[in-house]
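Each protein sequence line maps, in turn, to chains A and B.
All residue numbers for the first sequence refer to the working numbering, where the first residue is 1 and numbers rise by one.
All residue numbers for the second sequence refer to the working numbering, where the first residue is 305 and numbers rise by one.
Each residue gets a CB set at the ideal place from its N, CA and C atoms; glycine is no exception.
For clarity, every value in this text was computed on a predicted model and none was experimentally measured.
What follows is a single structure, written as structure tokens, with notes after it.
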Amino acid sequence: MTAGTMTTDRMPDVVALQARLAQHGFIAARSFAAALLLTLDMRRPLLIEGEAGVGKTEVAKALARLLDTRLIRLQCYEGLDAHTAMYEWNYPHQLLAIKLFEQDARPLSDKEADIFSERYLLKRPLLDAITATPAPVLLIDEIDRTDEAFEAYLLELLSDFQLSIPELGVIRAAEIPYVILTSNGTREISDALRRRCLYQYVDYPSFERELLIVRTRAPDVPERLARQIVEFVQSVRQMDLRRKPGLAETLDWVAALLRLGVSALDDGDDGVDRVMDSLAALVKTREDQAGLTRPVVEKLVASC
Amino acid sequence: MLSAIDGAPLRPPPTALADALAERYAGFAGWLRANEFRVTSADVAASMDVARRMGQLDSDVLRWSLRALLCSRAEEWRRFDDLFDAYFRAPNRTRLVETRVGGAGPLAHDDDSDNDAAPRDTSEGTPLKLAGRDARGGGAPGDGGTTADEGATARASLAHADFRHLHERDELFAIDAAIRRFALRLRGIETRRERRAQTGRAIDLRWTIRRSVSRGGLPVELGWRRRQRRRPRIVMLLDVSRSMSLYSFFHLRLARVLGAHLPDVHPFMFHTRLVGIGDALRDPDPWRSQERLQLLSHGWAGGTRIGECLAEFNRRHAARLLHARTAVVIVSDGYDAGDTTLLGDALAVIRRRCHSVVWLNPLVDRPGFAPVSAGMRAALPHLDLLAGGRDLASVERIFPQVLARLQ
Numbered sequence: 001m002t003a004g005t006m007t008t009d010r011m012p013d014v015v016a017l018q019a020r021l022a023q024h025g026f027i028a029a030r031s032f033a034a035a036l037l038l039t040l041d042m043r044r045p046l047l048i049e050g051e052a053g054v055g056k057t058e059v060a061k062a063l064a065r066l067l068d069t070r071l072i073r074l075q076c077y078e079g080l081d082a083h084t085a086m087y088e089w090n091y092p093h094q095l096l097a098i099k100l101f102e103q104d105a106r107p108l109s110d111k112e113a114d115i116f117s118e119r120y121l122l123k124r125p126l127l128d129a130i131t132a133t134p135a136p137v138l139l140i141d142e143i144d145r146t147d148e149a150f151e152a153y154l155l156e157l158l159s160d161f162q163l164s165i166p167e168l169g170v171i172r173a174a175e176i177p178y179v180i181l182t183s184n185g186t187r188e189i190s191d192a193l194r195r196r197c198l199y200q201y202v203d204y205p206s207f208e209r210e211l212l213i214v215r216t217r218a219p220d221v222p223e224r225l226a227r228q229i230v231e232f233v234q235s236v237r238q239m240d241l242r243r244k245p246g247l248a249e250t251l252d253w254v255a256a257l258l259r260l261g262v263s264a265l266d267d268g269d270d271g272v273d274r275v276m277d278s279l280a281a282l283v284k285t286r287e288d289q290a291g292l293t294r295p296v297v298e299k300l301v302a303s304c
Numbered sequence: 305m306l307s308a309i310d311g312a313p314l315r316p317p318p319t320a321l322a323d324a325l326a327e328r329y330a331g332f333a334g335w336l337r338a339n340e341f342r343v344t345s346a347d348v349a350a351s352m353d354v355a356r357r358m359g360q361l362d363s364d365v366l367r368w369s370l371r372a373l374l375c376s377r378a379e380e381w382r383r384f385d386d387l388f389d390a391y392f393r394a395p396n397r398t399r400l401v402e403t404r405v406g407g408a409g410p411l412a413h414d415d416d417s418d419n420d421a422a423p424r425d426t427s428e429g430t431p432l433k434l435a436g437r438d439a440r441g442g443g444a445p446g447d448g449g450t451t452a453d454e455g456a457t458a459r460a461s462l463a464h465a466d467f468r469h470l471h472e473r474d475e476l477f478a479i480d481a482a483i484r485r486f487a488l489r490l491r492g493i494e495t496r497r498e499r500r501a502q503t504g505r506a507i508d509l510r511w512t513i514r515r516s517v518s519r520g521g522l523p524v525e526l527g528w529r530r531r532q533r534r535r536p537r538i539v540m541l542l543d544v545s546r547s548m549s550l551y552s553f554f555h556l557r558l559a560r561v562l563g564a565h566l567p568d569v570h571p572f573m574f575h576t577r578l579v580g581i582g583d584a585l586r587d588p589d590p591w592r593s594q595e596r597l598q599l600l601s602h603g604w605a606g607g608t609r610i611g612e613c614l615a616e617f618n619r620r621h622a623a624r625l626l627h628a629r630t631a632v633v634i635v636s637d638g639y640d641a642g643d644t645t646l647l648g649d650a651l652a653v654i655r656r657r658c659h660s661v662v663w664l665n666p667l668v669d670r671p672g673f674a675p676v677s678a679g680m681r682a683a684l685p686h687l688d689l690l691a692g693g694r695d696l697a698s699v700e701r702i703f704p705q706v707l708a709r710l711q
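Right, dumping it as structure tokens:
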């Protein structure tokens, strides 16, 4: 093997990152850790897609804790405009300044430059993210909820890490932030945006990984109960439901069962009763609750 | 496994190695592109950069990194592993070296029957996406046996349609003109969100103050806000069963032209199963578009199972496509060979999640029409509008009604 074109193998780094993420409460698959390592290395934005409740947002939080830096979060919604997301001038203060300047003898151009200076600029999340040092983690959550216009605004930011403000000029990133975008796929995101990002699809976790997550996040659950819970949730996911329970629901349900004092799901009628009582934490539409009748639950519990 | 590639009997000098590497990643990008990945030339450079950063000796790390870089949607993500194996695994690799001059085409796959890593490619050079979709839909010729039990009309047809007439110019021009008028009049659904406007219903104080800064604080120009209108997303479900065969081509053209004029149109066709045809219709090359439709047209002019197809739509596409501003347009004569209660239920689910459901039934234009077929009766309670639409003239006649429902 000729040196120069190859670097050393990065598998140890991937494993190390995986372990550090686990320390900060995020259990990632190894392939996910590899993609995150690449994100950190190249400082390219990472677009994470997947069903609701598989822990997409948690990634950013864990990453911020791991890097010991700020997490700046921009929650997207329909109608989000550039002013709410990037910057806005502080008009009331500007007007006040104009009134005060009336007695001022300085030339007009000076006054104008003063009124449109950074002092009167309100930083919204995106501007905040590119001016902050050390580099923060910028979480752009549920990007699919915004409209195409806003997506276009993001392009300049995500490719050059700069923002143009007409009155002030171009503001370049002091340090390139770590950008995480998440999407539930309610709207198709443009190719232009996808091309600027690394991509990661997150599926529902496997049995082993979900068990590990439950054990990590709720350490006081008995081993047997944890296994039963995860098995139950995994088989509920196989059912034809309108909204399948995600990881967040599993953890909610674990907490609910703990509060109800359940020690095992197959605890006779009593256990099934408790499961029925706490199903509200797991399935969250009327049709799905109607589908999980007592006989169905009994069968699921028996098979756990 | 990958090291076998570089450990060729005669070790080439470093420059040749660099060239070989470049060629290898360019070849991989081309291979993905041939399989309908949206990979650009910038990605080739980036993938070499990634390979250099992450190391090329561990095939897992390389796989995960390239997957993060080169995939850009869930559907590509699911196919990536197979394609990666097919390209980089040793048996394929040797063939690839032999055919290096020709680049890495699907050829690498052809007679490699003992390769168990990738699913057997029977697509004969078809993009895997299309071939996979056929397989998923379960419409393989083999399962005609089960459908035969449901009676003659529910039998899936194995005939392909002839799509040569889809792009006939005169017809397309006429439809184009009509749809352009339609698109102009489609102002969209009024949302609760407001936006800045020159005139409007309320003063936008922030903007007014912003404008007054340049006037020394005097609000000379007022800024206004008004409700935003947004065009509906249109989901078209076209029935192409035998009973509709007289009209199917017209409606396909309609869907194609509509998709060209409005940004958010999602056409599907259904008979005994449901197939998305958005990509195929949008294809800028008319010949390729025909070919792709040809591949998707298994079951064309066969029986109809409307209920099952709508239920499948709900299962696979509804979460992604339906929202409060979606208009669902179903084109069918309502002759359903499947279970009509299923049709009613599926339509009820659709209706609950979208803005409006419009059903175009070509038979409505006939004198003395009454919606008495079992399918129509089941559907009727969930429809916002039932109208005709057998040809261009009748479609234009119902534009005002459709527009009224859509906005």
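For residue i and chain B, any beta-carbon pair shorter than 8 Å?
i	result
A/A35	yes
A/R43	no
A/D9	yes
A/R227	no
A/L95	yes
A/W253	no
A/E249	no
A/L154	no
A/T57	no
A/L63	no
So with Cβ pairs under 8 Å, would you call residue i a contact of chain A?
i	result
B/A650	no
B/C658	no
B/D389	no
B/W381	yes
B/A501	no
B/R627	One detail in the question is off: residue 627 of chain B reads as His in this sequence, not Arg. For B/H627, the answer is yes, since a Cβ of chain A falls inside 8 Å of its Cβ.
B/C375	yes
B/T344	yes
B/G679	no
B/V365	yes
B/R624	yes
B/V354	yes
B/D587	no
B/M540	no
Is residue i helix, strand or coil when you go by DSSP?
i	result
B/Y391	helix
A/D306	Residue numbering for chain A in the displayed model covers 1 to 304; residue 306 of chain A lies beyond these limits and cannot be assessed.
A/Y87	strand
B/P423	Below a pLDDT of 50, predicted positions are generally treated as unreliable, and B/P423, at 42, falls in that range; no measurement from the model is reported.
B/V699	helix
B/Q711	coil
A/R239	Here residue 239 of chain A is Met; the residue named in the question, Arg, does not match the sequence. Coil at A/M239, not helix or strand.
A/E49	strand
B/D581	Looking at the sequence shown, residue 581 of chain B is not Asp but Ile. Correct three-state label for B/I581: coil.
Provide the residue span of the beta strand (DSSP E) that contains residue i, from first to last.
i	result
A/K178	Residue identity check: residue 178 of chain A is Tyr in the sequence provided, not Lys. That run of the beta strand (DSSP E) goes 178–183.
B/S369	No beta strand (DSSP E) holds B/S369; the alpha helix (DSSP H) holding it covers 363–374.
A/R172	169–172
B/I574	Note that residue 574 of chain B corresponds to Phe in the displayed sequence, not to Ile. Unbroken beta strand (DSSP E) run through B/F574: 569–574.
B/V343	Run containing B/V343: none; DSSP gives neither H nor E here.
B/T495	493–501
B/V611	The displayed chain sequence assigns Gly, not Val, to residue 611 of chain B. Premise fails: B/G611 lies in the alpha helix (DSSP H), 610–620, not in any beta strand (DSSP E).
Using 8 Å as the threshold, is the C-beta distance between residue i and residue j below it?
i	j	result
A/L279	A/L265	no
A/L168	A/F116	yes
A/L258	A/R274	no
A/E231	A/C304	yes
Along the chain, where does the alpha helix (DSSP H) containing residue i start, and where does it finish?
i	result
A/R10	A/R10 -> no alpha helix (DSSP H), and no H or E assigned at all.
B/R592	590–600
B/L647	644–657
TODO: Would you be able to state if there are at least three C-beta pairs under 8 Å between the stretch 585–603 of chain B and the stretch 512–526 of chain B?
DONE: no
- [ ] Answer yes if the stretch 665–673 of chain B comes into contact with the stretch 684–699 of chain B, meaning at least three C-beta pairs across the two stretches below 8 Å, and no otherwise.
- [x] yes
Open item on the list: Check whether the stretch 495–514 of chain B and the stretch 99–113 of chain A are in contact - that is, three or more C-beta pairs closer than 8 Å.
Closed with: no
Open item on the list: Within 8 Å, do at least three Cβ pairs link the stretch 118–128 of chain A to the stretch 142–150 of chain A?
Closed with: no
Task: Cβ contact check for the stretch 600–615 of chain B and the stretch 237–249 of chain A: 3 or more pairs under 8 Å - done: no
Open item on the list: For the pair the stretch 193–213 of chain A and the stretch 60–77 of chain A, tell me if three or more CB-CB distances fall below 8 Å.
Closed with: no
Open item on the list: Check whether the stretch 202–221 of chain A and the stretch 160–175 of chain A are in contact - that is, three or more C-beta pairs closer than 8 Å.
Closed with: no
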